[in-house]
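Here the protein sequences line up with chains A and B, keeping their order. Counting with this note's numbering, you get residues 227 to 559 for the letters of the first sequence. Counting with this note's numbering, you get residues 153 to 439 for the letters of the second sequence.
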Amino acid sequence: MKQKTGAAVALLSATTVALLLGPRLDPGTQDLATTLLVYLAIAQAWNILSGFAGQVSLGAATFVAAGGYAAGLALAHTPVDWPAGVALAVLVSCAIGAALAVPLLRLRGDYFAIGTLAASIAVQALLTNWNWAGGAAGVTLPIDRIPTGTVLFELAAFVAATAMALAVYVRYSAFGLRLTAIRDNEPAAAGLGVAVYRHRFAALVLSSALTGMAGAVTAYQYVAVSPGGMASVNWSLNAVLMALVGGAGSVLGPVLGVVVVYYGLTRQLEDFQVVSLVVEGVLLVLIVKFAPAGIWSLLTRAGRAIRGRLLGAPGSAPATPEAEPTAREIEVV
Amino acid sequence: MSADVMVAGVLAGGLYALIGLGISLVFGVLKMMNLMHGELVIGGAYLASLLVGYAGFDPLLALPFAMLGMAALAYPVQRYLLTGLLRASPNAPLVATFGLSLVAQAVLQAVFGTHPKALNAPYADAGFTLAGVRIQAVYAISFALTIVLCGATHLILTRTRAGSAVRASAADPMTASMLGLNVGRIYALTMAGAAALAAAGGVMTGVAQSFTPTSGLPLLLTGFAVMALAGIGSVGGVLLGGITLGVLQSISTDLFGGGWRNFVVYTVFFLTLSFRPSGLFRRAVPA
Numbered sequence: 227m228k229q230k231t232g233a234a235v236a237l238l239s240a241t242t243v244a245l246l247l248g249p250r251l252d253p254g255t256q257d258l259a260t261t262l263l264v265y266l267a268i269a270q271a272w273n274i275l276s277g278f279a280g281q282v283s284l285g286a287a288t289f290v291a292a293g294g295y296a297a298g299l300a301l302a303h304t305p306v307d308w309p310a311g312v313a314l315a316v317l318v319s320c321a322i323g324a325a326l327a328v329p330l331l332r333l334r335g336d337y338f339a340i341g342t343l344a345a346s347i348a349v350q351a352l353l354t355n356w357n358w359a360g361g362a363a364g365v366t367l368p369i370d371r372i373p374t375g376t377v378l379f380e381l382a383a384f385v386a387a388t389a390m391a392l393a394v395y396v397r398y399s400a401f402g403l404r405l406t407a408i409r410d411n412e413p414a415a416a417g418l419g420v421a422v423y424r425h426r427f428a429a430l431v432l433s434s435a436l437t438g439m440a441g442a443v444t445a446y447q448y449v450a451v452s453p454g455g456m457a458s459v460n461w462s463l464n465a466v467l468m469a470l471v472g473g474a475g476s477v478l479g480p481v482l483g484v485v486v487v488y489y490g491l492t493r494q495l496e497d498f499q500v501v502s503l504v505v506e507g508v509l510l511v512l513i514v515k516f517a518p519a520g521i522w523s524l525l526t527r528a529g530r531a532i533r534g535r536l537l538g539a540p541g542s543a544p545a546t547p548e549a550e551p552t553a554r555e556i557e558v559v
Numbered sequence: 153m154s155a156d157v158m159v160a161g162v163l164a165g166g167l168y169a170l171i172g173l174g175i176s177l178v179f180g181v182l183k184m185m186n187l188m189h190g191e192l193v194i195g196g197a198y199l200a201s202l203l204v205g206y207a208g209f210d211p212l213l214a215l216p217f218a219m220l221g222m223a224a225l226a227y228p229v230q231r232y233l234l235t236g237l238l239r240a241s242p243n244a245p246l247v248a249t250f251g252l253s254l255v256a257q258a259v260l261q262a263v264f265g266t267h268p269k270a271l272n273a274p275y276a277d278a279g280f281t282l283a284g285v286r287i288q289a290v291y292a293i294s295f296a297l298t299i300v301l302c303g304a305t306h307l308i309l310t311r312t313r314a315g316s317a318v319r320a321s322a323a324d325p326m327t328a329s330m331l332g333l334n335v336g337r338i339y340a341l342t343m344a345g346a347a348a349l350a351a352a353g354g355v356m357t358g359v360a361q362s363f364t365p366t367s368g369l370p371l372l373l374t375g376f377a378v379m380a381l382a383g384i385g386s387v388g389g390v391l392l393g394g395i396t397l398g399v400l401q402s403i404s405t406d407l408f409g410g411g412w413r414n415f416v417v418y419t420v421f422f423l424t425l426s427f428r429p430s431g432l433f434r435r436a437v438p439a
């Protein structure tokens, strides 16, 4: 398990660097970094559920809302501190994930995707009408009790690091191998004794908890929770977009995807809504058409080709862990 | 429950069925979730708005042109992009049609702006009373149109050679192409037909209410809800599914107020999908 150790060391150093750098950043950059880390956690959570476990979700917004509202309402309605809010966010999103799993796990493929989408719209409609949660206008959080600036950044870094750690675990553990086995061939996996339902359930709940944690950070960053902000379909769509563009089913793909999509597109084209939409849309089509395994896989493949040529023995270069072809690619070939 | 509420629900349900029919057709034949269906609907409304605005057409006169226009736009997209993706990976068309829907929204925004538009017609706000029940003219017209288009779709699928080819491609594309059917073309024609149906729904939606370039998503969800209620592969089921959804909306608005309408509808949609994935109505016609 050398690769696993290497990944853990890399993740630990990246987190340390982020925590050391955090307090030195100016507020604008810090806010940007917090946003990127939140998206990273959400994209990675989607990646665990959909990239590794193969259950394509269009419902990340459900859990952003669950976590955000739990963390926000805890502060708005009770005198607890924000760490308790975050803990509650994890509990509530786990509980909602587990409850939704009962109907959702009956669904396969596209039906699962549509089911998650329907659930997220129902949640948004519920929040819009729930007076205790502020109805359509939402609730403003008590500014003196929420984490801001460096503390918020550190919370975001912690959440993102947890997501990355879980992705590394899923990538290298027997649990993760069983998940990908279910993704690639469910009957075969079941035939070999993999407890299909339990694994799909675990992936869904794990992903829900991570997304809920990210939702809590977002609620504190916005200093408010509202159905339009927390339960927006945009969360679900961004999760898919970022993970797919970077490379679903790999650990580092979502990192690349978040940077490319949020920093490279959304942020740069903020003032050009129309152009931004067109570029995002065209990018999605191009990715699924020409690089279904994402940019990360393109890069690793290019890297391997160059290395192979330099060493003068094409094809003899060992496969890097991130670039292993998925069963889908094999089928296409 | 007053008769007004029920009748309004049934009539609105006709329009939902029209929007759901195209999604159901594409899913039934191509086994593909079309996330740009909402934009096909709204695109039809915008195409009609050009004819209504510049040529002074009545929306109903503009309707066939909008249907043809959307069909002509959808055909090459399916023929040269989506069908290829269908063979690549199971999720690719889902993602690609989502990407295309973003592009379509952006194009509509750039061309028509973000202001809400509506198709003006003398019957847009008119109503009449039949046997003591208040009826909105536009919903009565769209209901009649839905019956006609559902009937036409059903007859084309079951009584024509082209319809047999479509059903053969749906049942077993491999064998169909081995027997000499051009499955790629049939898929594209099916998508074009679905786009035409969507456009018809869009024109009637545009008369009944205002629309913006981002109105597609709720319409897409309406279509999915209809499909979930109806199950796959039956035109009659889609009609019943649409009407069920319309009545459900109408009753929940009446009982709980407009705010809860979406919650009730999407919860029922979600539960139906999960616990009765073959729909509330068993398939009546093989498609």
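For each residue, glycine too, the CB sits at the ideal point set by N, CA and C.
Short CB-CB distance (under 8 angstroms) between residue 439/B and chain A: For the purposes of this step, residue 439/B is taken as the residue at position 287 of the second sequence. For residue 439/B, the predicted structure reports a pLDDT of 41, less than 50, and the residue's modelled location is therefore unreliable. The matter cannot be settled from this model.
Residue 541/A to residue 337/A span [Cα, whole Å]: If you number the first sequence from 1, residue 541/A lands on position 315. If you number the first sequence from 1, residue 337/A lands on position 111. Low confidence applies to residue 541/A: its pLDDT is 49, below 50, so where it sits in the model is not reliable, and the reading given next is rough at best. C-alpha separation (whole angstroms): 40 angstroms.
N-terminal and C-terminal residue of the alpha helix (DSSP H) that residue 194/B is part of: Locating residue 194/B in the second sequence gives position 42, counting from the first residue. Residues 189-206.
Selected residue, minimal CA-CA separation from residue 346/A, among 227/B, 366/B, 370/B: Within the first sequence, the letter at position 120 stands for residue 346/A. A check of alpha carbon separations from residue 346/A across 227/B, 366/B, 370/B identifies 370/B as the nearest.
Beta-carbon proximity of residue 376/A to residue 248/A, cut-off 8 angstroms: Here residue 376/A corresponds to residue number 150 of the first sequence, with the count starting at 1. Here residue 248/A corresponds to residue number 22 of the first sequence, with the count starting at 1. Taking a C-beta distance under 8 angstroms as the contact criterion, residue 376/A and residue 248/A qualify as a contact pair.
Closest by C-alpha distance to residue 391/A, when choosing among 476/A, 491/A, 509/A, 259/A: Along the first sequence, one-based indexing puts residue 391/A at 165. Nearest option by C-alpha distance: 476/A.
Chain-order list of residues whose beta-carbon lies under 6 angstroms from that of residue 306/A (same chain, five-residue window excluded): Walking along the first sequence from the start, residue 306/A turns up at place 80. Counting only Cβ-Cβ distances below 6 angstroms, and skipping sequence neighbours, we find 300.
For residue 362/A and residue 480/A, believed in contact at Cβ under 8 angstroms, the rounded distance: Here residue 480/A is taken as the residue at index 254 of the first sequence, counted from 1. Here residue 362/A is taken as the residue at index 136 of the first sequence, counted from 1. Their Cβ separation, rounded to whole angstroms, is 32 angstroms, which puts residue 480/A and residue 362/A out of contact at 8 angstroms.
Helix, strand or coil at residue 533/A [DSSP, three-state]: To locate residue 533/A, count along the first sequence from 1; it is residue 307. Residue 533/A: helix per DSSP, three-state reduction.
Within 7 angstroms of chain B by C-beta, residues of the segment 322-341 of chain A in sequence order: From the segment 322-341 of chain A, only 329, 330, 332, 333, 335, 336, 337, 339, 340, 341 have a Cβ closer than 7 angstroms to chain B.
Test: residue 495/B CB closer than 8 angstroms to a CB of chain A: The question about residue 495/B has no answer here: the residues shown for chain B are numbered 153 through 439.
Where residue 269/B falls: helix, strand or coil (DSSP): Locating residue 269/B in the second sequence gives position 117, where the first residue counts as 1. Strand at residue 269/B.
Buried versus exposed call for residue 438/B [16 or more other C-beta atoms within 10 Å across all chains shown]: Taking the first residue of the second sequence as 1, we reach residue 438/B at position 286. With a pLDDT of only 42 at residue 438/B, under 50, the local geometry of the prediction cannot be trusted, and no value is derived from it.
8 angstroms Cβ cutoff met for residue 180/B and residue 385/B: For the purposes of this step, residue 180/B is identified with residue 28 of the second sequence, where counting begins at 1. For the purposes of this step, residue 385/B is identified with residue 233 of the second sequence, where counting begins at 1. Yes, these two residues count as a Cβ contact at 8 angstroms.
As assigned by DSSP and simplified to three states, the class of residue 450/A: For the purposes of this step, residue 450/A is taken as the residue at position 224 of the first sequence. Of the three classes helix, strand and coil, the one that applies to residue 450/A here is strand, per DSSP.
Through-space distance from residue 523/A to residue 328/B, alpha-carbon basis: Numbered from its first residue, the second sequence carries residue 328/B at position 176. Numbered from its first residue, the first sequence carries residue 523/A at position 297. If you take the alpha carbons of residue 328/B and residue 523/A, they lie about 36 angstroms apart.
Beta-bridge partners of residue 175/B, as assigned by DSSP: Along the second sequence, one-based indexing puts residue 175/B at 23. None; residue 175/B has no bridge partner.
Three-way DSSP call (helix, strand, coil) for residue 235/A in this model: Locating residue 235/A in the first sequence gives position 9, counting from the first residue. Reduced to three states, the DSSP call for residue 235/A is helix.
C-alpha distance - residue 399/A paired with residue 393/A, whole-angstrom precision: As a working note, residue 399/A is residue 173 in the first sequence. As a working note, residue 393/A is residue 167 in the first sequence. If I take the Cα positions, the gap works out to 10 angstroms.
In DSSP terms, what residue 288/B is bridged to: Locating residue 288/B in the second sequence gives position 136, where the first residue counts as 1. Residue 288/B is bridged by DSSP to 279/B.
Any chain A beta carbon closer than 8 angstroms to residue 419/B: What you label residue 419/B is simply residue 267 of the second sequence in a count that begins at 1. It does; some Cβ of chain A falls within 8 angstroms.
DSSP bridge partner residues for residue 363/B (one or two, in chain order): Here residue 363/B is taken as the residue at index 211 of the second sequence, counted from 1. Its beta-bridge partners are 269/B.
Residue environment, residue 191/B, which counts as buried when at least 16 other CB atoms sit within 10 Å: Counting from one through the second sequence, the residue named residue 191/B turns up at place 39. Result: buried.
Chain-ordered neighbours of residue 411/B on chain A, where CB pairs are closer than 7 angstroms: The residue you call residue 411/B lines up with position 259 of the second sequence. Here the neighbours are 354, 355.
Contacting positions in the segment 239-256 of chain B - beta carbon closer than 7 angstroms to chain A: The residues in question are 240, 241, 242, 243, 244, 246, 247, 248, 250, 251, 252, 254, 255.
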